[in-house]
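Report on the following structure.
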Amino acid sequence: MAFSSLLRSAATSFRVWQPSENMILIRWTLKGVPRVPWEAKGEFQGTSRYKLDRNGKIYEHKVDNLAFNFPHQLKPAASVLDLVTASPASSPHPTFFSGPVDSCSSSWIEFYHAVRRTVNKTDDMLVIDRLITCS
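Listed below in structure tokens is the structure:
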């Protein structure tokens, strides 16, 4: 799972507003710090739209305007010591990728695809008493 390639992640709500009685909109940002020191921090921004029934219960959630702010490229390290000082000491043991390395791939691209799959997933949702729950 791509979320495991992040050291830390956090979601922040920027704005919550109610344009009508049966809808709530939330503008949010999801930020993350990758585990590998040669990749930069990155973030996603999106808008969640919640539809409410006449009792005020949410019966539908849709994510709109999902955008990824690609991180800026970092300068190549001049030496191995630059990588050591740039990385947090999360483990005393070195960790490496266990699969083939794609030069166009990064943990941010994997993270983006994981977020898209999660947002577009409707197979695992159950409607119980007009409330949507994830199973």
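All residue numbers in the sequence shown are consecutive under the working numbering, ending with 135. Positions of the beta carbon are idealized from the N, C-alpha and C atoms, including for glycine. Predicted model only: the values in this text are computed from it and were never measured.
C-alpha gap between residue i and residue j, whole angstroms
i                : j             : result
phenylalanine 68 : leucine 52    : 28 Å
serine 9         : glycine 32    : 4 Å
proline 34       : lysine 41     : 6 Å
asparagine 22    : threonine 29  : 24 Å
isoleucine 24    : arginine 116  : 22 Å
valine 16        : histidine 113 : 26 Å
leucine 66       : arginine 54   : 28 Å
arginine 49      : serine 20     : 12 Å
Which of helix, strand or coil DSSP assigns to residue i
i            : result
arginine 15  : strand
arginine 54  : coil
glutamate 21 : coil
alanine 10   : strand
arginine 117 : helix
Spatially closest choice to residue i from the options, by CA coordinates
i            : options                    : result
aspartate 64 : Gly56, His113, Gln45       : Gln45
lysine 62    : Asn55, Gly56, Thr47        : Thr47
glycine 56   : Thr12, Glu43, Gln18, Ile26 : Gln18
Beta-bridge pairing of residue i - partner residues as DSSP gives them
i            : result
valine 68    : As written in the sequence, residue 68 is phenylalanine, which differs from the valine given in the question. Phenylalanine 68 pairs with Phe44.
glutamate 60 : Lys51
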